[in-house]
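Here's the structure we're looking at; comments come further down.
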Amino acid sequence: MSFSGRRVSILRPSNRRFSLGKELSENELRSETHRQFRSAHEGHRPHAGLDASRASTAEWANLGQGAPEADDEIEGSFPRPTSIPITSAAREYGPTAGIKPLRAAVARLYNEHYRQGKESQYTWENVCIVPGGRAGLIRIAAILGNSYLSFPIPDYSAYSEMLSLFKNIAPIPIPLSQSDHYHISPDKIAEEIARGTQVLLTSNPRNPTGHFVSSEELAQIQDICRDRATLILDEFYGGYNYTTDCDGTTLSGATNVEDVNQDDVLLIDGLTKRFRLPGWRIAWIVGPKEFVDALGSAGSYLDGGANVPFQEAAIPMLEPSLVRAEMKALQHHFREKRDFVVKRLNEIGFRIKDIPQATFYIWLDLTALDPPLPAEANISDGLNFFNALLTEKVIVVPGIFFDLNPAKRRDLFDSPCHHFVRLSYGPKMDVLKKGLDGIERVIRRARGEALKAQWDDETVEAATSSGCDAQYDALDIMAWNIYRILNYTTFIVLSVVLFCLIVLTPADAIYQCYVTSRLTNIFIISGGYIVTFILAALIYATRIYTNRSALAGIPKAWIPIEKEDVGKSVRRLVVEGLARSAIVAYQARPRDTAADGDTFADYPMLLIDRDRPPWGLVEHPGWSSPASPDLPDLPYRTVIQELPNLIEAKAVSLAPPDPFLTATRSFDPSSPGAEQSIPDTRVVGILRRPASMGVREYLHHLTSLDVIKPPEIGAEFIALYERARFSPHELHETEFRDLMHIFAELLRGMKSLDTHIMDDIYAESSHGESESIIGPSDEEGETDTMDFRDDSEALSRGRSNSLQPSNASTWERRSTYTTTSERIPCLASVIDKICFSKMATVSLPTVYFFLPPFPSFPHILPPHNAGSLATRHISLLNSVGVAQRLRGSGRLPNSSKPRHAIHEVDPAVDGEECLHDCASCTVRYPAKFDVDQEDTLYGNVNGWSTHLLVATGKTDWVRDVADEEGSVMEAIEKGGLEPSNGKLKLSASNMPVPDEYHHHDSGKQPTTVLLLPSFTIVDHVTPALASDLIKYIVNPAPTTTTPLGALPEPVSAPTSDDQPQQPPPIADLLSQTPLRSRPCPHAAVILLCSQRTRDARCGQSAPLLRKEFERHLRPLGLYRDLDDERPGGVGIYFISHVGGHKYSANVIVYRRRDLEWYRKQDGKEETSAEGEEGAAQGIWLARVRPEDCENIVRYTVLKGKVVKPEQIRGGFDRERGVMSW
């Protein structure tokens, strides 16, 4: 397949444009609309006019939105639901891949319409329901591995924007030409695949051109892509097909698929376009099962799945005959609207060369007007035409929107889509008429057919209101300058005249007094005028001061920085502050720094001094500064988490070459891999860090081997590492550099093993290499003898580890939950093995027994430890004998202390993390959530042998679930049905009920049950079959007291009539009942008591704990929702009252011995032994809080250990042979 679960390398397509122009082109300088478009795209702002409030209303005619009319006014179309019933199941979370009935209905529709007579048919497993087409495309992009994805342009405008969100995809556009009618040629597709394209995405029929790829050419394209590339077909417009005389025939690539699970073809469709229900957001993806499984998983963290009530309501709409009639009515109606729109456009003057044969779009060429528009009209491009239509309250989509990144072109006028607009005839007929009338008025006005005065008024209004063209701005500036000069000149002239008139009278009086020698009068007249002038000046100054004081008290939205407003020093400070703010704001905007660059020659105030940036030193705890010269934008925790792996890699790299390979194989020095030596796996086993070993213990281990020198450097490093790794406070840069300095010193000080230690290793490993090796065998106890041989088979079997280069990242880390596959020579040699990190299983004829767990790190046993070694051998044999006797009796001992039943975590083995609650948990119980903290929990519960969970689809029940009338619980509890193999614990659960449950009367409703600890699912259980359930399913099932892996004792033929007969096999029992069982796919289940009717605390705590458990299981890939039947993982179920609600929250964990048991089947149909044996452990915890969930997942669910012994109420361990009831 073309998707990958692990993205090893991320493709980072560059958006850098070389030889960027500093200035806009002359065309764009003359068009304000184009400058607005470029600014809107670069700043991530919506373009003016593309406003959701301007939909098709009484005022606006929206011919741009790609939505069909949704009313029930089409003749022959079935009526849409006006109300939707919501069932109790629809109130729960739905499966992220969609409910099974809807998926089955989609598969049936495709088989009926496109797969008639074909051997390979779609099933519900080939369908994924998604909340809309965009969500479906995003899911597909999320599951694709690193790949080159090609898509033709012009096409759906959201393709490039959605694909750019994912770094694993490099979008490659395929330009199509108008001259060949935007034809997608199979030869072009073959050429793109030969260039390296791995994924091909296109719509068919095609948006916006209205063309489509014929069935014959589509079959050729699918043949070309088969086994070479993944083909994604957007078929939302497949129902709008006008080429078959509107007989209801739809277009789909499903017709040409050979094998539905092998052809990498993904088909996207939904209710949006074909069924005219865009508001429902129900769509689907049809493709191979492997893709669909991945799409369902991606939905759990992307969109959460589609609306369940709408999914249920959509099922009856997908009846194939109903869909055929609906498509026929749809095609007739929209073909009439297409013909009407084309006719009106021809009358307006548009010459449409390609009449659309599909979709409901017209790709309108604005240069195809006859007669053409005059050049001064300036509406022959899509943007200006769109802007002109806004004055008529008509909306279309400029064609440049369907180009690839048009705003990054040097000149928008160079785009091949620049002179197009997309016009939709999806709205109602009255909206189409209104929109076409507006288009006609704009065209007539552009040709000058309206009154010239009206044209002049509109031109002036447009120029002054929105500045449609730069020439109007220049005229305005020129007029303003002339007005200002005339104003100043007139003011000065009038002021001079006024001054002369005022001075004329006193000047004449003074002159007459001077002539008549009346000097006293001169002083009186002059003094009076002087005093009057002074008073006038004082009054005027007071008035100015009062006005300025009043104005200064009014808050202003701006800062006065003009020269005449403030002093020079103040203005300089203001300008510097504003410049700093401008730099910070500009540099903080979302952008592509590689494409934009950091130099702004035209804007000196935005230039940055890298040595002294205006924002100063930026540092956030946990991250390095973006201006750091060597560590820019580095998250410290990401590095710190890798330090133990790097230490292990360094330690493993110190292992010497394998002398066995050196002696048995010859290498060519001239070969490319001559310098790459194969490390000695015996030494690697000592230097490796087991999965369960903490970093502190690992460093102590390396120090004891004299690998770390000096030893003090290890202690210094572990102190800094543990603080950085587990402290709630993030590191600062200086602390991080100190830690890395010590880390570097630690790596430099690591040395190879001493010779005396190497001698001990070789002496220990030389014993038993050519002896008989007894391993996991069949019931006959076959053994396998191995000697040294030179062939590769003996070599591969003579080593316990795969031979790989000495790179720690490539050494396969073993799980502590799986049994080892190594074959061991004898019982004593097991103890002499270097690595004791697994629980070894030894198979002997007719008897299975288990070795107790050993320390999880390798030990070197020097010769002077021979006495302790013998002691360990004796104790081991004694424990094995006890285990053998217990399994022979078929009973398990009861443990008197919780630590005897369930292992507790050990910081020395499990790391210091086990001592700390979750630091990132934000979920909290309500303030008055009080539970009993005094009572002793352990030893006060009644155990059970089997646990039966009955699916009800509900999270709360009546007080006693046996009182549920007509339920399986009532039939078992009140019918007196008791199993013969011990006490049965009966619980109601929120497991989903089958679809048939809702189609039967009460008392006859079939449901599903889960039997534990056998991990068995029984389908279609009715109250009438409750006795069969107990007799044929529960009674033969293993119980909590059944030893894990115990074999039935051999039974010989009876010697007399009164001798007990052998019980019939399970297969014979099942042949006597209609019930059928199957293995539960989960590796573990977490059961949460949620019965609010018994205690409100249970109803409050269970949803909160489920949310927290889900948060920690999802990153591990282990979370399984209620309908997720993928093998492995952990299921979380709500169950009814378990007892002890005053100790809320109660959590019961059932886990298998091997969480990856299903992988051992190797593709076989039969279930593995681990799958048949059921749960190895059951652990009942109480007083659980949300902050406990992380460690419960990490240690209890994954490792079978108890983190807080005071929380355990009981449990069992079938593997160790103990129980704690």
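Numbering (UniProt numbering), first residue to last: 1 to 1221.
Just so it is clear, CB atoms sit at the ideal spot from N, CA and C, and this is done for glycine as well.
All of these numbers come straight from a predicted model, not from anything done at the bench.
Name the residue from the options whose alpha carbon lies nearest to the alpha carbon of residue i.
i	options	result
residue 1218	902, 915, 1143	902
residue 234	253, 683, 221	253
residue 988	956, 995, 1018	956
residue 1087	1105, 200, 1077, 614	1105
residue 378	963, 447, 1174	447
residue 1034	627, 1005, 1004, 986	986
residue 1155	1131, 312, 525, 1142	1131
residue 275	115, 574, 69, 973	69
residue 1140	566, 183, 1095	1095
residue 101	121, 80, 125, 81	125
residue 167	143, 589, 173	143
residue 1031	729, 991, 214, 1072	1072
With a Cβ-Cβ cutoff of 9 Å, do residue i and residue j count as a contact?
i	j	result
residue 269	residue 96	no
residue 706	residue 679	no
residue 112	residue 309	no
residue 982	residue 922	no
residue 443	residue 60	no
residue 205	residue 175	no
residue 910	residue 692	yes
residue 1074	residue 1025	yes
residue 747	residue 739	no
residue 133	residue 295	no
residue 647	residue 725	no
residue 1137	residue 961	yes
Nearest-angstrom Cα distance between residue i and residue j?
i	j	result
residue 913	residue 635	21 Å
residue 158	residue 237	16 Å
residue 519	residue 508	14 Å
residue 1194	residue 1151	13 Å
residue 346	residue 203	28 Å
residue 935	residue 1144	13 Å
residue 688	residue 1015	36 Å
residue 1203	residue 145	38 Å
residue 686	residue 585	56 Å
residue 1098	residue 67	47 Å
residue 994	residue 364	52 Å
residue 131	residue 282	5 Å
residue 1205	residue 734	40 Å
residue 370	residue 348	9 Å
residue 425	residue 392	18 Å
residue 754	residue 702	12 Å
residue 540	residue 533	10 Å
residue 180	residue 193	21 Å
Using three-state DSSP, classify residue i as helix, strand or coil.
i	result
residue 1100	helix
residue 1210	strand
residue 1119	strand
residue 1134	strand
residue 1223	Lying outside 1 to 1221, the shown extent of the chain, residue 1223 is not represented and no answer is given.
residue 693	coil
residue 296	helix
residue 234	strand
residue 1180	strand
residue 711	helix
- prompt: Taking only runs of the beta strand (DSSP E) that begin and end inside the stretch 898 to 966, which ones reach a length of at least 3 residues, in chain order?
  reply: 946 to 951
Runs of beta strand (DSSP E) lying entirely within the stretch 967 to 1054, each at least 3 residues, in chain order
984 to 989, 1007 to 1012, 1016 to 1021
If we require 3 or more residues per run, which beta strand (DSSP E) segments fall completely within the stretch 337 to 384? 361 to 365
task = Let me know the alpha helix (DSSP H) ranges lying completely inside the stretch 171 to 227, each 4 residues or longer, listed in chain order.
result = 186 to 194, 215 to 225
| task | May I have a chain-ordered list of the beta strand (DSSP E) segments no shorter than 3 residues that lie completely inside the stretch 120 to 157? | result | 127 to 130, 147 to 153
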